[in-house]
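Heads up: the structure comes next, in structure tokens.
Residue numbers (our numbering): 789 to 1039.
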């Protein structure tokens, strides 16, 4: 797939930093062709890199992420609406929620091989930031916004539908089942004759516009798993997912 946005003759060559690979390689691998490569660089730049290099927070991907969240929601919602004419609002919403969850977008970013091109601060890199599901999900949104600003809606729609084709095809199948770890965990515990799991917030951090929660899930005072997310609900989902993995390991 090519996104129709011809490079200008004097487009700067993007340089690498730290452990990152040149972003121009990613541009080529994804079939993108930016007029403004500065947008691509910004889409790959984490706040930790900006802070270590005395930049402005606006130079990180966070503003692009804000826009990309809206753009990808519209594209995926429109596609599901047309592909599933007999599906009610609830069914469309469940599919949309799964496709655009942090985990869902991070999976797409992993498949596209975006992680090696991220610009990260050394401290954040050393703590595993390059493999962070939260970062990969955010960067997927920021990349979508960069394509949108550079090439417009139609080109962005082609890019998103190509990048997420496997996930969208799966969501449109008649046998599709929602990703619902909390319900699955409760069903498993009930089948074992155990009580309903209880979720507790054990940590919260970050600014008001970008909070981060860590939640533990327990049964009868036994902690089964923990997870983090940008909302309490997302953190509970990840905690349930971790608990399920522990309870079903080896089955």
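Heads up, the beta-carbon is just placed ideally off N, CA and C, and yes, glycines get one too.
With the cut-off set at 8 Å, would you say residue i and residue j are in Cβ contact?
i            : j            : result
residue 924  : residue 867  : no
residue 883  : residue 921  : no
residue 938  : residue 824  : yes
residue 1027 : residue 1018 : no
residue 930  : residue 813  : no
Quickly, what does DSSP pair residue i with across the bridge? List them, please.
i            : result
residue 1010 : 1007
residue 833  : 907
residue 988  : 1004
residue 1016 : 1002
residue 993  : 1000
Looking at the unbroken alpha helix (DSSP H) that takes in residue i, where does it start and where does it end?
i           : result
residue 889 : Note, residue 889: premise wrong, no alpha helix (DSSP H); not H, not E.
residue 953 : 953 to 959
residue 821 : Per DSSP, residue 821 belongs to no alpha helix (DSSP H) and is neither H nor E.
residue 936 : 921 to 939
residue 980 : Where residue 980 is concerned, there is no enclosing alpha helix (DSSP H), given that its DSSP letter is neither H nor E.
residue 868 : 850 to 871
Out of the options, state which residue places its alpha-carbon closest to the alpha-carbon of residue i.
i            : options              : result
residue 872  : 1019, 961, 897, 1035 : 961
residue 820  : 838, 900, 853        : 900
residue 888  : 869, 857, 837, 984   : 857
residue 833  : 1006, 865, 904, 862  : 904
residue 894  : 914, 919, 881        : 919
residue 1036 : 930, 886, 972        : 972
residue 995  : 830, 831, 850, 810   : 850
residue 865  : 977, 963, 881, 853   : 881
residue 984  : 991, 976, 990        : 976
residue 928  : 969, 978, 861, 957   : 861
residue 970  : 957, 1030, 956       : 1030
residue 810  : 906, 876, 946, 869   : 906
residue 957  : 841, 870, 831, 818   : 870
residue 926  : 898, 1008, 876       : 898
Please look up how many angstroms separate the CB atoms of residue i and residue j, rounded, as I've assumed it's under 8 Å.
i            : j            : result
residue 1034 : residue 1012 : 6 Å
residue 836  : residue 916  : Rounded, the Cβ-Cβ distance is 12 Å, inconsistent with contact.
residue 855  : residue 933  : 4 Å
residue 1003 : residue 1020 : 7 Å
residue 886  : residue 966  : 6 Å
residue 1001 : residue 986  : Actually they are not in contact, since the Cβ atoms of residue 1001 and residue 986 sit about 16 Å apart, beyond 8 Å.
residue 955  : residue 1007 : Actually they are not in contact, since the Cβ atoms of residue 955 and residue 1007 sit about 32 Å apart, beyond 8 Å.
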